[in-house]
Amino acid sequence: EAGVAQSPRYKIIEKRQSVAFWCNPISGHATLYWYQQILGQGPKLLIQFQNNGVVDDSQLPKDRFSAERLKGVDSTLKIQPAKLEDSAVYLCASRPAAGTNTEAFFGQGTRLTVV
Amino acid sequence: KQEVTQIPAALSVPEGENLVLNCSFTDSAIYNLQWFRQDPGKGLTSLLLIQSSQREQTSGRLNASLDKSSGRSTLYIAASQPGDSATYLCAVRDGANNLFFGTGTRLTVIP
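Written out as structure tokens, the structure reads:
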């Protein structure tokens, strides 16, 4: 079974530039998460999707961050404009439909450096 | 809001030792608890999942326990090996399907 795929693996941008990350969850997984992991900290939830609908985006800085999952499969996370403090690893995870007591599976992450 | 704490933040042990990593959470109304391993520059690998109704789970040299009422979980690693060196994260899942992570324990197993 293929895992959660993320791209790119690394990205370096200047502050105030825009950047987008892509995630392809495990086939058939209805729930998709984006997490931000700052160096030395645990992952922090940014947004949770159930199919193509947003379940929780309370921690998403909506003035600069946006995410979509239009067809309920792939998802993109965008930052516009980026700030220095956005430097982090952005992790995508998926699990089968909500209500199932199952594991979450994570991708390798995208390491963003804002200079 | 759920808060997850992991102690210690870092741990170094000689190869062959048994060790225990600790995780505590403030809200006992969890759906399940999951232990992950994270290698430098990599994503998270799931190690064990404990349902809220369970007390422990075992996989090879790993044993995870859960005391939901006291808000605690432990990950026991038997006969540690240098390949076990990594950061270990625990995460609790709430009824809204969200995962709340601790800050992790960075384990170094010295050959």
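Top to bottom, those sequences are chains A and B. In this text, residue positions in the first sequence follow our numbering: the first is 15, and each later residue adds one. In this text, residue positions in the second sequence follow our numbering: the first is -6, and each later residue adds one. We put the beta carbon where it would ideally sit given N, CA and C, even for glycine.
Proximity to B:Gln74 [Cα-Cα], best of B:Gln50, B:Pro7 and B:Asp32
B:Pro7
Considering Cα atoms alone, identify which of B:Ser78, B:Gly76, B:Leu42 and B:Glu(-4) is closest to A:Gly56.
B:Glu(-4)
Can you tell me which of the three DSSP states B:Leu42 falls into?
strand
With A:Ser101 and A:Thr124 assumed to form a contact (beta carbons below 8 Å), what rounded beta-carbon distance in angstroms separates them?
So it is not a contact: roughly 12 Å between Cβ atoms.
Per-residue burial, A:Pro39 [other beta carbons within 10 Å of its own, 16 or more giving buried]:
buried
What does DSSP give as the partner residues of A:Arg125 in its beta bridges?
A:Tyr24 and A:Val103
With DSSP run on the structure shown, which of helix, strand or coil describes B:Gly76?
helix
Is A:Arg30 buried or exposed, if buried means 16 or more other CB atoms sit within 10 Å of its CB?
exposed
Alpha-carbon to alpha-carbon, A:Ser80 and B:Arg99:
32 Å
Would you identify the three-state DSSP class for A:Leu98, choosing helix, strand or coil?
helix
Count the other CB atoms, across all protein chains shown, that sit within 10 Å of the CB of A:Tyr1; report buried if there are 16 or more and exposed otherwise.
Because residue 1 of chain A is not part of the residues shown, which for chain A are 15 to 129, the question remains open.
In three-state DSSP terms, what is B:Asn11?
coil
Keeping to the same chain, check which residues put their C-beta closer than 8 Å to that of B:Ser78; ignore five residues upstream and five downstream.
Leu100, Thr101 and Val102
Exposed unless 16 or more other CB atoms sit within 10 angstroms - verdict on B:Asn90
buried
Using the beta-carbon of each residue, which ones in chain A are nearer than 8 Å to B:Tyr24?
Asn115
A:Thr45: contacting residues in chain B (beta-carbon distance under 7 Å):
Asn90
Going along the segment 43 to 62 of chain B in order, which residues come within less than 7 Å of chain A, judged by CB to CB distance?
Gln44
Which value, in whole angstroms, describes the spacing of the CA atoms of A:Lys58 and A:Asn66?
21 Å
Report the option in A:Lys76, A:Gly17 and A:Ala118 whose CA atom is closest to the CA atom of A:Pro95.
A:Lys76
Expressed to the nearest angstrom, what Euclidean distance is found between the alpha-carbon atoms of A:Glu117 and A:Gln64?
15 Å
Show which residues of chain B have a CB atom less than 9 Å away from the CB atom of A:Pro39.
Chain B residues near A:Pro39: none, gap ~13 Å exceeds 9 Å.
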